[in-house]
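Per numbering that gives the first Met the number 0, the sequence shown starts with residue 0, numbered consecutively. Notes follow once the structure below has been shown.
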Amino acid sequence: MCAIFACELEDLLTFTYAEQTPRRAATGTSVIDLNTVGRPRRARIIRDDTD
0 MCAIFACELE
10 DLLTFTYAEQ
20 TPRRAATGTS
30 VIDLNTVGRP
40 RRARIIRDDT
50 D
């Protein structure tokens, strides 16, 4: 596009800086350890042939 419009990349793009708020870490007892809970049971699909 720069060759088509005979311009530089800075003429086509605008760069802005925005501050990002820091993320909070999960703390407390509400976090569930999946290694101790176990794996979910596999669902069984049952065919309903009541036509």
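From the three backbone atoms N, C-alpha and C, an ideal C-beta is built for every residue, glycine too. No experiment lies behind these values; they were computed from the predicted model shown.
Extent of the continuous alpha helix (DSSP H) run through residue i
{"i": "E9", "result": "8-11"}
{"i": "A42", "result": "Per DSSP, A42 belongs to no alpha helix (DSSP H) and is neither H nor E."}
{"i": "F36", "result": "In the sequence as displayed, the identity of residue 36 is Val instead of Phe. Segment 33-36, the alpha helix (DSSP H) holding V36."}
{"i": "A17", "result": "Per DSSP, A17 belongs to no alpha helix (DSSP H) and is neither H nor E."}
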